[in-house]
Amino acid sequence: MTDPLQEFGWKKSSYERPSDMWVCGQACEGTPCAFGPTAKGQCQHRQACVPKSNGPEFFCQRPLHLSGKCSEGPLENGACPNEFPQCKPRHSLLYFRRIVVGLSAALSLAMCLLLWSGESTEAISPGPLTSHHASSDVTCQSCHTAATGDWTSKVLTHSTPLNDSALCMKCHTELGENPFHSHGIAVEAWETISSAASSKPGSTPFLLQVSTSLTDHDSHKQHACSECHQEHHGAKHDMVSMTNNQCQSCHQQQFASFEHGHPEFDHTPPPGSIRFDHAAHFKRYLLDDAARLMPDALAPTDCQACHQASDDRSKMLTRGFEQMCSACHERDIKDRDFPGIAFFQLPSPAGDEIGEWPTAQQSTGTEISGFMQLLLDGRPADSDWEIKELLHDIVRRGQSAIDEKLANDLKGFGQFEPSIIPALMHAQQVWFPNLHDEIARHREGMAVDNSVVDVPKANLSAPQEEIGGGWYVRHDDLSVRYRPIGHADPIARLWLEQTLKLRGKVDSVPDADSILAVSEVLSNPTGSGSELTPVPVASGRCLSCHAVTRDPATSELSIAWSTTPNRIGQNSLTRFSHAPHVHDTSNTVCQTCHILEDSVPFVSTSSPSMLTNILKGNSEPSPVTCGIHGVSMNSCVKCHSSESKLDNCQQCHRYHAR
Amino acid sequence: MTGPQQRRMGWILVGLLVATALGITNHILTASHVRTPYYFGWLLLVMVVFLAAFGVRKKLTFLPPTLIFGGNAANWLRFHIFIGLLSAVVFGHHTGLRLPTGFVETTLAALFLGTFLSGVTGLILSRVIPARLTSRGEEVLFERIPMFRSRLRTEVEELVAAAAEKSGDSALVEFYETHLKEFFSGPKHILEHLIANKRPRRRLLQHAQNCRRFLNEPEHAQLDRITQLIQMKDDLDFHLALQGALKMWLFVHLPLTCGLLIVAVFHLLLVHAFT
């Protein structure tokens, strides 16, 4: 049996002082003294004990754990006879630990002071910028107001995030005039948006309810860029990603996920949609009737015949009239039987002192054309001379004379391109060959020859003379007419557009009836527009396809002259790209989302009085239908589900309205 | 389940609950557009200060536990471990589990992770080593191990000297010179003891056994005592290694804590200046 190394008990074991900085140098040799070193590391052990005096005698005081009282006893002078050699105390473990801790503190403090006092703020950058922002000209001062001057003074003042955000706007000018308001939308608009959303309550998950209650819903509050965009996380850091709950916490209408509770899409066709019945075309015209309707062309068999992907494949663009429609509808547009609209027509002379005046083969009556009434400021001509003065002035001064004679808000009606001037000049040379002399004599009060001008026989043999661009002169009824030259006729388009601008002031314009009379001809799909053509003509069919629509936001009326490239406009908070959705170009793929309606009875929404009624507020533009069901969420949730993790709000929505 | 196990399970359950609550709070606040990294940063700093205060608390031994928040040092240690483990969760929420890229942030994260991992290492050591210490040798104070080692060396040297005096050129002397002199000169096989490798001990005892056949009968008793001393010295080395490990992890943990506090304050100043 071996004796234990370690003995315990106050008589056998001295107290160890682990919290001392020094330990006895003899400890390793197995003979440590009982006193230990001083706090300064000096050995204080010379004798085994300090004898105690009791009168003239001295007594040994050696402790028991050092074998107790010695047999020799103290010397006569009271000194201990057992002198010990002094040791060289060693540092304790605690000392070394404190040294290491002190070194660590000193190093850390030195590093911080070095960075603090350094002039360059680059050293304290929390990390590299994203690749979008990283550039040689971008410094700390570019984005941080605190980096300008002594940044240490900003520690206590705390820089304002909006001040920093203002620096962002130096480059991000595309964010508009209200970049710091929610979605970049003006405060005034939020009242409308909020009231519309509040009427559509949804079910809100509990955690989202808590988040919503903590969210600041003040629509006047301005948001700093850094609330959402965190920089200094490396070149590839995604600065724009947000969670669905971050989006929803601000919104009044909340829901669990895109699959469960997201509002159904708005199926209202956007302003500017061309009226085209896909169902009727795909189910009838392009099948059974194709051979009859398109004898010289092949009927399209797939969607790609009319719709073409944009360069980046994000949008499905619509091809032009020539590629899509002309094979069937070109014949309808060529309007050979239509005599045209009389923009200038000489009435039968009313007086005797009229000078030269051509003889009409047909009765022209006393009425003057609508456009002439505009030029005469909405009143009937006082005399035949006034008509001659009008023609003389236009022929002499050209377009400036027309502009001068039209009232300010009607000037657009005279901006014909091609111009009416050549046709009027031609008419004047035939009908009033001496007009300039006659006008001069008449103005001086001199007598003029009241002879009747015979229209030259050459002209009689050709009662109408084409001037160009649709304008021609008719000698049989003494009129200058315009006959639309085909699809996208510029004069018809000009007149209809100008007519729409009269919205709200039809009653106040004295010449409104004259204008509407011409417009009704151009918007009459079934009538001739003239007593000379008993059969329907094409000139009034513009509005059958190019629908009149009202923009719900501005209430402005417009005509859809071209196709809308995308239902989702540039200013929308919603975005969509066909690119990841269209894998091939078959009809099956397209009709996964764009489902044809079963049957759409074709209803002609254009009538002669339609435009007049809309302008006078008697009716609204008829809704545009296209024979296709609106895209339903059901077709989206098949892929955009929580399972596929493709149901993030940002998949389809952008935050900043642009 | 024993009392300590029940207490430990209770702490684990409370920790899981608090961690879950922190996760939900982060989720809710992030959705509310609150700057969660900022507030979690403040929370983390408060936690680190509290953890560092444990060292100060241990110095205030003269104060009665009732005057100090948390009571006695044992309670403080429990809170220290609990808050320390929880600080990793808060750190995760603060950083968004992103790797830092800036110099100050990288330094700070490295200091925190170093402190945390060294703390966890200390926790594991303090749970594992005491049980191992009771499995071998006798209970000795760490500070006295050199003294005991010296005593054993002296005894073995005396035994060998006595053998040499009696029989002149003894195999025992050769055995001492070859294998034991170096062994008894200082701490040996520290790494092997830490990983519980007993091969050096067995090898040394095997050498002693091999030496026996070259000794006469009286020397056998001396060899038996030397064998005992070999085992005692090996046990002392075992205790030195394990008790040393219990003390040495603080050489990492405490300096890192100190650096962490200083750089964290600097980080806070930067955040206040630039955001």
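In the order they appear, the protein sequences are chains A and B.
Going by the numbering used here, the first residue of the first sequence is number 1, and it counts up by one from there.
Going by the numbering used here, the first residue of the second sequence is number 1, and it counts up by one from there.
In this text, a Cβ means the ideal position worked out from N, Cα and C, and glycines have one as well.
Range of the contiguous beta strand (DSSP E) that encloses A/Ile274: Segment: none, A/Ile274 is in no beta strand (DSSP E) and carries neither H nor E.
Using 8 Å for Cβ pairs, my map puts B/Trp249 next to B/Gly84. What's the rounded Cβ distance? Wrong, their Cβ atoms sit about 13 Å apart, outside the cutoff.
Of all the CB atoms in chain A, is at least one closer than 8 Å to the CB of B/Lys247? yes
What did DSSP end up calling A/Ala669 once you bin it into helix, strand or coil? Since the first and last residues shown for chain A are 1 and 658, residue 669 of chain A lies out of range.
Taking C-beta pairs closer than 8 Å, name the residues in chain B that A/Glu227 reaches, listed in chain order. His33, Arg35
Taking only beta carbons into account, state which residues of the segment 178–193 of chain A come closer than 9 Å to chain B, listed in chain order. none
Measure the CB-CB distance between A/Gly627 and A/Glu597 and report whether it falls below 8 Å. Yes, Cβ-Cβ distance for A/Gly627 and A/Glu597 is below 8 Å.
Less than 8 Å between the CB atoms is what I'm expecting for A/Ser683 and A/Val187, so what's the real figure, rounded? The requested residue 683 of chain A does not occur in the structure, where chain A is confined to residues 1 to 658.
What residue range is occupied by the uninterrupted alpha helix (DSSP H) comprising A/Ile341? Looking at the DSSP string, A/Ile341 is not in any alpha helix (DSSP H); the run it does join, the beta strand (DSSP E), is 341–345.
Beta carbon proximity, B/Thr275 to chain A, threshold 8 Å: yes
With distance defined between alpha-carbon atoms, name the residue in A/His223, A/Asn163, A/Glu367, A/Ser213 nearest to A/His667. There is no way to answer for residue 667 of chain A, as the model of chain A reaches only from 1 to 658.
Measure the Cβ-Cβ separation of A/Cys250 and A/Thr215 and say whether it is below 8 Å. yes
Are the CB atoms of A/Ile354 and A/Asn434 within a distance shorter than 8 Å? no
Check whether chain A comes within 8 Å of B/Phe116, counting only Cβ atoms and requiring the distance to be less than that. no
Give every residue of the same chain whose Cβ lies closer than 7 Å to the Cβ of A/Pro51, excluding the five residues on either side of it in the sequence, and list them in chain order. Within the same chain, Phe58, Phe59, Cys60, Gln61, Pro74, Gly78, Cys80 come within 7 Å of A/Pro51 by CB-CB distance, once the 5 residues on both sides are set aside.
Secondary structure of A/Gln308, DSSP reduced to three states: strand
Residues in the same chain with beta-carbon distance under 8 Å from B/Ala163, minus the five sequence neighbours each way, listed in chain order, please. Ser170, Leu172, Val173, Glu219, Gln222
Compare the C-beta of A/His656 with all C-beta atoms of chain B and state if any pair is closer than 8 Å. With 8 Å as the cut-off, A/His656 does not count as an interface residue toward chain B.
State the beta-bridge partners of A/Gly261 as determined by DSSP. Beta-bridge pairing links A/Gly261 to A/Ser257.
Starting from the C-beta of A/Ser530, find all residues in its chain whose C-beta is less than 6 Å away, skip the five residues before and the five after it, and write them out in chain order. Here the model assigns A/Ser530 a pLDDT of 47, short of 50, so the residue's position is not dependable, and the following value carries that caveat. Counting only Cβ-Cβ distances below 6 Å, and skipping sequence neighbours, we find Pro339.
Measuring alpha carbon to alpha carbon, tell me which of B/Ala273, B/Leu270, B/Cys258 ends up nearest B/Ala289. Summary: the structure shown does not reach residue 289 of chain B, with chain B confined to residues 1 through 275, and so no result is reported for it.
Rounded to a whole number of angstroms, what is the C-alpha to C-alpha distance between A/Lys315 and A/Ser194? 31 Å
Let me know the secondary structure DSSP gives A/Leu557 once reduced to three states. strand
Round the Cβ separation of A/Leu293 and A/Cys328 to the nearest angstrom and send it over; I've been treating them as touching at under 8 Å. 5 Å
Partners in chain A for B/Phe266, counting only beta-carbon separations shorter than 8 Å: In chain order: Cys112, Leu115, Trp116.
Would you say B/Leu254 reaches chain A, if we count a Cβ-Cβ gap shorter than 8 Å as a contact? By the rule that beta-carbons nearer than 8 Å mark a contact, B/Leu254 touches chain A.
For a cutoff of 8 Å on Cβ pairs, would you count B/Thr20 as touching chain A? Residue-level contact by beta carbon fails for B/Thr20 and chain A, as no gap is shorter than 8 Å.
I'd like the list of long-range same chain contacts for A/Leu532, defined as Cβ closer than 8 Å, with 5 residues on each side in sequence excluded. With a pLDDT of 44 at A/Leu532, under the threshold of 50, the modelled position of that residue is not reliable, and the figure given next carries that caveat. So the qualifying residues of the chain are Pro339.
Exposed or buried, what is B/Lys329 when buried is set at 16 or more other beta-carbons lying within 10 Å of its beta-carbon? The first residue shown for chain B is 1 and the last is 275, placing residue 329 of chain B beyond what the model contains.
As assigned by DSSP and simplified to three states, the class of B/Phe238: helix
Please return the same chain residues whose Cβ sits closer than 7 Å to the Cβ of A/Pro300, not counting the five positions on each side in sequence. Excluding residues up to 5 positions away in sequence, Leu286, Cys306 lie with their Cβ nearer than 7 Å to the Cβ of A/Pro300 in the same chain.
Tell whether a beta-carbon distance below 8 Å holds between B/Phe238 and B/His193. Contact annotation: B/Phe238 and B/His193 have beta-carbon atoms nearer than 8 Å.
Identify the residues that DSSP records as bridge partners of A/Ser53: which are they? A/Phe58
Chain-ordered chain B contacts of A/His233 [CB-CB under 8 Å]: Arg98, Thr101
Taking C-beta to C-beta, are B/Gly137 and B/Leu236 nearer than 8 Å? yes
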